[in-house]
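Novice: Chains as they are written, first to last, in this note's numbering: chain A, 1 to 419; chain B, 1001 to 1413.
Right, here's the structure in full:
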């Protein structure tokens, strides 16, 4: 190679590395966000409430962008994970209880992912008693053996399936006027003062802005070695990822509203029902498309959630962690990881386990826990000693604090209207 | 002597000579410039402001109460200064380097030795607690009655690191000097262990360690670090400091590193380097990275073909390159042409006057453009420790050592 060629090769490679380094975390997190819990929550929301929950998508998206940007900025500026920072700034006891909450919440999500795997293959008549243990073993090995990094690209490409919802949403000939109108108008207060509606609303926010995403995103940004200097590119990665996730979510709701709700199907009993939303695109093969997409989304998130939870917890509590360590060197880390998978998959083997109910419930729990994680993120991103010139702008603080207040308010309201 | 935990002292009620509660302990300070382990004073938060309470006016501490021998009036006001190590802020919940265990750990609690002497106590930092005992103590503090808690904690096996095996990580260079943090423990470790530890640290802390380490130690450790991390560390350093470290590295490792850096920055480093080292490295930089020339080092032992064993030993004495490179002594003829090779073992077992050319053994050599795969194949086939690289004129350009081949093969995976 001539010097000139070496030079071109190097700049080309540098650009590609930069691209992969910064396009990665935000976009991947946003994609994993539309996991089993996400698809089901959006589907159930669309079927049950038609277009009347769509208005929540714009504020939720704004909050999503703000929150995700805070997490990745913190990662880039401090080079530390979220649980590390919480431990260093708020001490052991606070971290401990937050980690307990995180494990409980994430456990719900892990259950939801395996429920997603089960329900997707149910469409082919494969029993969950076979599918779930196999999926659990596959996930465990995939991550521990280190093959995950290769498979991640396959998952990511397969996430292109979400585009199907956009196409299906369009082909379903939804009432565009009503859908757009619903995006900017809130329903009457009588509609909001309803337990079921609030439950779904919290689930919707909880699935879009899940607590685990903040820990995962910040950790990925740190791992990719994004620094404060390269951060501006990273910010765009986050914003684009969030917008993509939100558009997909919006179309899932619209597709379900246009096909299920308008046809009078307001409860989604199983995957076959939910698959109907893709009928305008794939006709009688809709179930195939739905099954493949849901399977991929579930397995993708199932391989991320347990390991990211184990890392967050062990780092926060100061326990030895890392896949480069042997089992006996990092016992807590491996045990937690293994238990999350075994228990998360195990409960699905209980006969007549309410798959869909649990999947939506786990997202509601996300929504209830979210404000507490957010409070810590807000305190950290406003700490000048920690963030230097990169502390939150006033606009970000307003959006994030409003999110905290609204989510706590919604939770209280939901509990108040419960009968 | 009795041991008190930092978490017990923090928040403890402070009573003055009359027994009246005057405030609570907020912080505990060590001033390393006066004494490395002894506690200089407690910072007490009182209604009248923050006050300093020195151990020589403390009668006893423990059981969530600190009793002073003086009146609150006599306690001086506290003024912030950065020459103090504040145990809560700087140590509790922070990461430290466990020199003995060779890893980065998080501090759950700090054990303080309280020894009564003539009606007062001396307090000194004894060890940091990184195990379950400290964790549970902090979790249960104020919730479980203290005597029950003490009994419970007795049953938990302690996991502590004695203070002399603790290296603190401080990112502010000025404070590092004032606190006398020199990474003494860290620099005595094997470079590969230092590398493992550094890879576990966040970027600012990595930079801090590499600013403070001795250049030679830093260079050896840097060679062992993952290439991506290498680049980010070197980029974070001022070019002058980076050049000092790069100079100490093996030329081939230095060339690999500079090849990965952005061009303007590697140029800056080269500019700061000594002319001799710079020349060696630039030569290597010009070769393709994945060829024999890119892998080779230009630091090897070469002796004139007419020399004797004693000459070889003299050459070894002045040799500054890596230890892997001395496994073979190369013999060169006119124009620096490679003519022979003598294994180190033969030098060791032969008499000082023995003619080197007679000890020479059949040797292998490859050309600078030999690709990686072929280099590895030659090493495998002939069970080599070093391989000579000769140019078109038969001149010895450099040598490749087996450790480079092993890391090349591993990183390709």
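Every residue, glycine too, gets a C-beta built ideally from N, C-alpha and C.
Put residue 1430 (chain B) into one of helix, strand or coil per three-state DSSP.
Specialist: Residue 1430 (chain B) lies beyond the range of chain B shown here (1001 to 1413); nothing can be said about it.
Novice: Report all residues from its chain with a CB closer than 7 Å to the CB of residue 358 (chain A); omit the five preceding and five following residues, and keep chain order.
Specialist: Counting only Cβ-Cβ distances below 7 Å, and skipping sequence neighbours, we find 111, 112, 115.
Novice: Could you give the C-beta distance for residue 30 (chain A) and residue 261 (chain A), rounded to a whole number, given that I count them as a contact under 8 Å?
Specialist: Rounded, the Cβ-Cβ distance is 26 Å, inconsistent with contact.
Novice: Are at least three pairs of beta-carbons, each pair with one atom in the stretch 81 to 88 of chain A and one in the stretch 315 to 330 of chain A, less than 8 Å apart?
Specialist: Flag = yes, the stretch 81 to 88 of chain A and the stretch 315 to 330 of chain A touch.
Novice: Per the contact definition of three or more C-beta pairs closer than 8 Å, is the stretch 334 to 341 of chain A in contact with the stretch 176 to 188 of chain A?
Specialist: No: the two stretches stay apart, fewer than three of their Cβ pairs being nearer than 8 Å.
Novice: Can you tell me which of the three DSSP states residue 1342 (chain B) falls into?
Specialist: The answer is strand: DSSP assigns residue 1342 (chain B) an E or B state.
Novice: Looking at the secondary structure, which residues open and close the beta strand (DSSP E) in which residue 1052 (chain B) lies?
Specialist: Unbroken beta strand (DSSP E) run through residue 1052 (chain B): 1049 to 1053.
Novice: To the nearest angstrom, report how far apart residue 1187 (chain B) and residue 1133 (chain B) are at their CA atoms.
Specialist: Spanning the two alpha carbons is a distance of roughly 30 Å.
Novice: Less than 7 Å separating the beta-carbons of residue 1126 (chain B) and residue 1113 (chain B)?
Specialist: The answer is yes: Cβ separation under 7 Å.
Novice: Could you pull out every residue in the same chain whose Cβ sits closer than 7 Å to the Cβ of residue 1242 (chain B), ignoring the five residues on either side in sequence?
Specialist: 1234, 1269.
Novice: Could you check which residue in B:1352, B:1016, B:1287 has the C-alpha nearest to that of residue 1073 (chain B)?
Specialist: Considering only alpha carbons, the answer is B:1016.
Novice: Please confirm whether residue 77 (chain A) and residue 377 (chain A) have their CB atoms less than 7 Å apart.
Specialist: In this structure, residue 377 (chain A) does not lie closer than 7 Å to residue 77 (chain A) by Cβ.
Novice: Would you be able to state if there are at least three C-beta pairs under 8 Å between the stretch 1003 to 1010 of chain B and the stretch 200 to 207 of chain A?
Specialist: Result no; under three Cβ-Cβ pairs closer than 8 Å.
Novice: Determine the direct distance from the alpha carbon of residue 1083 (chain B) to that of residue 1033 (chain B), and round the result to whole angstroms.
Specialist: The straight-line gap from Cα to Cα measures roughly 8 Å.
Novice: Can we count residue 228 (chain A) as close to the ligand PLP, meaning its CB is less than 6 Å from some heavy atom?
Specialist: Ligands in the displayed structure: none, and consequently the ligand PLP is not present.
Novice: Thinking residue 1199 (chain B) and residue 1229 (chain B) are a contact (beta carbons under 8 Å), I'd like their distance in whole angstroms, please.
Specialist: Indeed, because the Cβ distance is near 6 Å, the residues count as touching under 8 Å.
Novice: With a threshold of 7 Å between beta-carbons, can residue 986 (chain B) be considered close to chain A, or not?
Specialist: Nothing about residue 986 (chain B) can be reported from this structure: the residues present for chain B run from 1001 to 1413 only.
Novice: Hey, is residue 92 (chain A)'s beta-carbon within less than 7 Å of any beta-carbon in chain B?
Specialist: So, interface residue.
Novice: Please say whether residue 1369 (chain B) and residue 1291 (chain B) have beta carbons closer to each other than 7 Å?
Specialist: Yes, Cβ-Cβ distance for residue 1291 (chain B) and residue 1369 (chain B) is below 7 Å.
Novice: Given a cut-off of 7 Å, decide if residue 1065 (chain B) and residue 1057 (chain B) are closer than it, judged by their beta-carbon atoms.
Specialist: Cβ atoms of residue 1057 (chain B) and residue 1065 (chain B): not closer than 7 Å.
Novice: Could you tell me which residues DSSP puts in a beta bridge with residue 1096 (chain B)?
Specialist: Partner(s): B:1105.
Novice: Would you kindly check if the distance between the Cβ of residue 161 (chain A) and the Cβ of residue 26 (chain A) is under 7 Å?
Specialist: Against a cut-off of 7 Å, the Cβ pair of residue 161 (chain A) and residue 26 (chain A) comes out as no contact.
Novice: Tell me whether the beta-carbon of residue 1104 (chain B) lies closer than 7 Å to the beta-carbon of residue 1094 (chain B).
Specialist: Not closer than 7 Å, so no.
Novice: Identify the continuous beta strand (DSSP E) that holds residue 1399 (chain B) and give its terminal residues.
Specialist: That run of the beta strand (DSSP E) goes 1396 to 1401.
Novice: Counting beta carbon pairs with one atom in the stretch 224 to 236 of chain A and one in the stretch 1009 to 1029 of chain B, are three or more of them shorter than 8 Å?
Specialist: No contact exists between the stretch 1009 to 1029 of chain B and the stretch 224 to 236 of chain A.
Novice: Tell me whether residue 235 (chain A) sits in a helix, a strand or coil according to DSSP, three-state version.
Specialist: Residue 235 (chain A) falls in the helix class under three-state DSSP.
Novice: Output yes if chain A places a C-beta closer than 7 Å to the C-beta of residue 1093 (chain B); else output no.
Specialist: It does: the Cβ of residue 1093 (chain B) has a partner Cβ on chain A nearer than 7 Å.
Novice: Can residue 280 (chain A) and residue 355 (chain A) be called in contact, C-beta distance under 7 Å?
Specialist: No.
Novice: Between residue 1139 (chain B) and chain C, is any beta-carbon pair separated by less than 7 Å?
Specialist: The displayed structure is made up of protein chains A and B, and chain C is not among them.
Novice: Please identify, using Cβ separations under 7 Å, the residues of the stretch 1188 to 1212 of chain B that lie next to chain A, in order along the chain.
Specialist: Going along the stretch 1188 to 1212 of chain B in chain order, one finds 1202, 1203, 1204 with a Cβ nearer than 7 Å to chain A.
Novice: Contact check, residue 242 (chain A) vs residue 102 (chain A) under 8 Å by CB: the rounded distance?
Specialist: Residue 242 (chain A) to residue 102 (chain A), Cβ: 21 Å. No contact.
Novice: Can you tell me whether DSSP reads residue 247 (chain A) as helix, strand or coil?
Specialist: If DSSP states are grouped into helix, strand and coil, residue 247 (chain A) belongs with the helices.
Novice: Using a beta-carbon distance below 7 Å, is residue 79 (chain A) in contact with chain B?
Specialist: Yes, contact with chain B.
Novice: Do residue 309 (chain A) and residue 149 (chain A) have their beta-carbon atoms positioned less than 7 Å apart in this structure?
Specialist: Going by C-beta atoms, residue 149 (chain A) is not nearer than 7 Å to residue 309 (chain A).
Novice: Quick one: residues in its chain with C-beta nearer than 6 Å to the C-beta of residue 255 (chain A), no 5 flanking neighbours on either side, listed in chain order?
Specialist: Cβ neighbours of residue 255 (chain A) beyond the five flanking positions: 165, 168, 169, 172, 277.
Novice: Would you say residue 1038 (chain B) lies against chain A (beta-carbon separation less than 7 Å)?
Specialist: Not an interface residue.
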